[in-house]
Amino acid sequence: LPADDAERIDGKVKSISTVPVASGKFEINFTPEDESLPKWIVAGMNCKVNVTTYNQADAIVLPKKAIHDDDADPDKHYVWIVPSEEADAKAERREVKLGKHKDEEVEIAKGLKKGDIVSLEDEDEKAKEKEKKDKEKSK
25 LPADDAERID GKVKSISTVP VASGKFEINF TPEDESLPKW IVAGMNCKVN
75 VTTYNQADAI VLPKKAIHDD DADPDKHYVW IVPSEEADAK AERREVKLGK
125 HKDEEVEIAK GLKKGDIVSL EDEDEKAKEK EKKDKEKSK
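According to my numbering, numbering within the sequence shown proceeds without interruption in unit steps and concludes at 163.
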């Protein structure tokens, strides 16, 4: 809660009104982290608030198109890992547990580590298309 050039006040939100108290304005009750508040704060003040609902600085995030659903169990998800050391190595399927998602990005909660190279394509579909083209060529 910065007020003009005053210091920032961090705290935890206790409640947010579900109905605006004025156009675009909501009532927020919070508990400051530091119990000794500056003297310029008075009850009923208006302020601008930034609320962080989730923050995972070291999260691994992928585009949705890199994540595939298991045909046998739609609650299971996987990605295709591309081995970095061999140019012609086959991608390997790896099961992942999903975390939070926003728009076209999905957090990977479990199954990947920093540095893993993930294919954006479905390697199964790619293999099927290659097989189909090979069959057509051999006709």
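Just so it is clear, CB atoms sit at the ideal spot from N, CA and C, and this is done for glycine as well.
- Spatial neighbours of D93 in its own chain (CB-CB distance under 7 Å, excluding positions within 5 residues in sequence) are listed in chain order as H101.
- The Cβ neighbour count for V103, taken over all protein chains shown within 10 Å, is at least 16; the residue is labelled buried.
- Judged by DSSP in its simplified three-state form, K161 adopts helix.
- P62 sits close to E31, with the two beta carbons spaced by under 9 Å.
- Take I84, set aside five residues on each side of it, and the residues of its chain with a beta-carbon closer than 6 Å to its own are I132 and L136, in chain order.
- In the structure shown, D95 falls within a coil segment according to DSSP collapsed to helix, strand and coil.
- As the crow flies, the alpha-carbon of G35 is around 11 Å from that of N74.
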